[in-house]
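Numbering (my numbering), first residue to last: 96 to 748.
All residues carry an ideal CB built from backbone N, CA and C; glycine is no exception.
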């Protein structure tokens, strides 16, 4: 079979016109690498692809012309037959009472030819929230200073942030991904480059809140923690060394003196999260043992095997496996406590969490889902105006064939892992639900190709998990998207993500409030953009130039933009142009959620992350200038409440 035929079957678009208007043709060698890295994709005979049904709709599936009738069908789920029937027409009218979930559909024609197809039965729409309009306090959790944490903001600080957000009138707290990273590389701290999207980062644990922990278990812990709290940047290596030492001490104490209630709770957690938790714990133990990427491990461990994991759990490494599980249980408990606090305080969203676009190829998810995740391919972006060479984000993502073969369960598990603690999540680079730009390892970013994804099926899975967890889903849909993409996304109940800095017409004028869509989260900026203080002071232009980066505009462009901001504010009856004036403008938009960054409220100039840099800028390391218990006194509460009064819990609608 020639390359182009293979590409067509696997949904690989080897030719496309990039944002610069240039026709891109993927190099044949690169194309072969992409095709070799993707699993076989089933070509269905009787239907076009995965069957997606939505509750409350008259569900019918048109059959392909190759299907002979009568055609028998059987739907199975959880090893049980859910429904079955037969059709003598080129269409199947499905029963109205099919249970929601991920099923397998078996089709058999009159000649005995059979095929199995993934089926998703989803709600009509994702959960939409039970409020009119609200706002969220957006924070980098690691950046929080307090007089009790160990050099990094932790889950106890998060509880304090929840209380602060309630005091300010917000409906919740927004956080960057809390995904687990690699514990032996603490300086690699980007929350968007995870080991796994299924588990939590233990560095956010408050060790002192673990019932079995006591200060005498770790000599000089208090003095060391006090030293780690100093300075403007999180000292990841030293902080991690102390925290892991303390976590091990806490676990040892748990093993010897935990109450029966605590032991039972731990065992219940292990059972509830099996088999993924068990596999993750074994993976971590093996990763530390072999100190190499999993594809270089002994052959017996290069694939996840529950029987082998059971041997590891019951052998000499039993305690080490349990330690990993104990740490995840502790993190889960503490994050859940923050979620419950928000609920008790009447906050209508609670926690708003981010989901990264992919995972590290040498991490747990890529090992555990070797069919659904292609480790040889990196998610990225083709050349555009700001990145003329294209982008390689170094992250492995899901692929269509692998997800279909497993009825999309790996994707659903990934969603559920974040939704279990959240009232809202944001899916990074939501365009990847329709197509992913993939770059084969060893090739430059301009030699990638677009690969089609099962868009409707993924949206169905999102709607299913969203409704099950009562969690709003926001898709990061910035930039140019295919025609009809946003409309389809909105039809499934997934919200848009609107950034005021980008919402400008071709002449650079800011769009007015009536332009913003209701089912959306609106924000002034993002962690990848300059803060409001940095923007007004031109600081971001200077910093990027000093790093050898093109800021994409000059000083005159910025002056023009500042003038256009004044113009749109005046058109809406707002005479000043400080941060609170901009927030007042955004509060008037019909968009149901507004995110306000802590950096903006505190007048921070430097942005948390500058894309295109790693060590050149202190990305994901900078602390806020004010301790948590002093933030309220540094924010102009009167101005903030006035700006957000139309959507605030304090005196709002």
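Each residue's CA atom was taken as its position, placing residue 367 and residue 329 some 34 angstroms apart.
The three-state reading of DSSP puts residue 291 in strand, counting E and B together.
Bounds of the beta strand (DSSP E) holding residue 200 are 196 to 203. Per DSSP, the unbroken alpha helix (DSSP H) holding residue 726 starts and ends at 726 to 729.
Spanning the alpha carbons of residue 527 and residue 535 requires a straight line of approximately 16 angstroms. Taking the CA atoms as reference points, residue 529 sits about 23 angstroms from residue 623. Of the candidates 438, 334 and 470, 470 places its Cα closest to the Cα of residue 453. Membership of residue 498 in the alpha helix (DSSP H) is indicated by the continuous run 495 to 500. Residue 639 counts as buried, since no fewer than 16 other beta carbons sit within 10 angstroms of its beta carbon.
In this structure residue 177 is in contact with residue 170, their Cβ atoms being roughly 4 angstroms apart against a cut-off of 8 angstroms. Of all alpha-carbon atoms in 686, 665 and 658, the one lying nearest the alpha-carbon of residue 676 is that of 665.
Around the C-beta of residue 271, 16 or more other C-beta atoms lie within 10 Å, and the residue is accordingly described as buried. DSSP places residue 372 in no beta strand (DSSP E) but in the uninterrupted alpha helix (DSSP H) bounded by 371 to 385.
Judged by DSSP in its simplified three-state form, residue 139 adopts coil rather than helix or strand. Going by C-alpha positions, residue 299 is about 8 angstroms away from residue 237.
The three-state reading of DSSP puts residue 117 in coil, since its state is none of H, G, I, E or B. Here the stretch 254 to 264 lies against the stretch 227 to 237, with 3 or more beta-carbon pairs under 8 angstroms apart. Annotated as distal: residue 163 and residue 125, with beta-carbon spacing of 9 angstroms or more. For residue 158, the number of other beta carbons within 10 angstroms of its own is at least 16, and it is reported as buried. Checking the DSSP bridge columns, you'll see residue 274 partnered with 295. Under the DSSP assignment, residue 305 falls outside any alpha helix (DSSP H); it carries neither an H nor an E label.
For residue 592, the enclosing beta strand (DSSP E) starts and ends at 591 to 594. DSSP places residue 179 in the uninterrupted beta strand (DSSP E) bounded by 175 to 182.
Annotation for residue 226: no beta strand (DSSP E) segment contains it, and DSSP assigns it neither H nor E.
As for any beta strand (DSSP E) of minimum length 3 sitting wholly inside the stretch 510 to 552, the runs are 519 to 522, 530 to 535 and 544 to 547, ordered along the chain. Here the C-alpha atom of residue 98 lies approximately 45 angstroms from the C-alpha atom of residue 235. Here the C-alpha atom of residue 219 lies approximately 8 angstroms from the C-alpha atom of residue 558. Per the coordinates, the alpha-carbon of residue 597 lies some 26 angstroms from the alpha-carbon of residue 518.
Annotation for residue 494: 133 and 469 place their beta carbon closer than 6 angstroms to its own, counting only its chain and skipping 5 residues before and after.
The beta carbons of residue 662 and residue 604 sit closer together than 9 angstroms. Collapsing the DSSP output to three states places residue 266 in coil. By a beta-carbon distance limit of 8 angstroms, residue 288 contacts residue 490. Their separation comes to about 7 angstroms.
Assignment of beta-bridge partners to residue 214 by DSSP yields 146 and 198.
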